[in-house]
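Student:
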Amino acid sequence: DAGITQSPRYKITETGRQVTLMCHQTWSHSYMFWYRQDLGHGLRLIYYSAAADITDKGEVPDGYVVSRSKTENFPLTLESATRSQTSVYFCASSVGAGPGANVLTFGAGSRLTVL
Amino acid sequence: LAKTTQPISMDSYEGQEVNITCSHNNIATNDYITWYQQFPSQGPRFIIQGYKTKVTNEVASLFIPADRKSSTLSLPRVSLSDTAVYYCLVALSGGSYIPTFGRGTSLIVHP
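Residue numbers (my numbering), protein chains in the order written: chain A, 1 to 115; chain B, 1001 to 1111.
Here it is in structure tokens:
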């Protein structure tokens, strides 16, 4: 199916475990983003990628790792999950340049609970 | 970065027009202004984007004055289903592009 898909939609894990959230888009968009959203906060940018093999930190990158070996995939890994990483995670993509630069398309979100 | 400022929350009633203003004092010449809508348990959804004057689509209108230091999202005749959080973003021109959402405006529409 066309679009941007995230998996898993729901995940419960324990402190110290590694967790990977997957994001896949079918538009060949250049830019991809990972945000987290917590109660009382807006969306905070974790990492973003301008193209395959190009990634950069956002506002809250600590404790997260990303990679982008293919344009369509942008996985987010929590190498050792902590309770403070309990959140809803959103992946997004955009064409990245010109008038379309600010037009992000979001996935449905991945709700992560760290016990 | 072009920082944006919006009201934290607004209340309205069904059938009324709602205007949400976003301040962006240091917007650059080539920056676009974009608005998103987010319902509970969903990702944000693009609503409208503009550069200057007025833009209208089937969902909303966006008014941008000549100095571009602010913009206003206008939702005509809101319904209960317009209850959502609305975010204003400003695109960066040149250099790295880092879309920053902030806390947005929580709009509650009452019967």
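Think of the CB as a built atom: it goes at the ideal place given N, C-alpha and C, for glycine as much as any other residue.
Could you tell me the boundaries of the beta strand (DSSP E) in which T77/A lies?
Tutor: Start and end: 76-78.
Student: Residues of the stretch 50-63 of chain A in Cβ contact with chain B at a cutoff of 9 Å, in chain order, please.
Tutor: The stretch 50-63 of chain A vs chain B, Cβ under 9 Å: A50, D56, G58, E59.
Student: State buried or exposed for H1110/B, treating a residue as buried only when at least 16 other CB atoms are found within 10 Å of its CB.
Tutor: exposed
Student: If you drop the 5 nearest sequence neighbours on each side, which residues of the same chain put their C-beta closer than 6 Å to that of F106/A?
Tutor: Short of 6 Å from the beta carbon of F106/A, and not among the five residues preceding or following it, lie these beta carbons of its own chain, in chain order: F90, A92.
Student: V95/A and G109/A look like a contact to me (Cβ under 8 Å); what is the Cβ gap, rounded to whole Å?
Tutor: Not a contact, Cβ separation roughly 22 Å.
Student: Unbroken beta strand (DSSP E) runs of length 3 or more, entirely within the stretch 14-59 of chain A: which are they?
Tutor: The stretch 14-59 of chain A is shown to contain whole beta strand (DSSP E) runs of 3 or more residues at 19-25, 31-37, 43-51, 54-57, in chain order.
Student: T1100/B versus chain A: which residues are under 7 Å apart at the beta carbon?
Tutor: L45
Student: Can you look up R83/A in the DSSP assignment and give me helix, strand or coil?
Tutor: R83/A sits in a helix when the DSSP states are folded into three classes.
Student: Are the CB atoms of L1073/B and L1062/B nearer to each other than 7 Å?
Tutor: yes
Student: In chain A, which residues lie with their C-beta within 8 Å of the C-beta of G1043/B?
Tutor: F90, A92, F106, G107, A108, G109
Student: Count the C-beta pairs between the stretch 1005-1018 of chain B and the stretch 1032-1049 of chain B that are closer than 8 Å, then say yes if the count reaches three, no if not.
Tutor: With a cut-off of 8 Å, the stretch 1032-1049 of chain B and the stretch 1005-1018 of chain B do not count as touching, because too few Cβ pairs lie within range.
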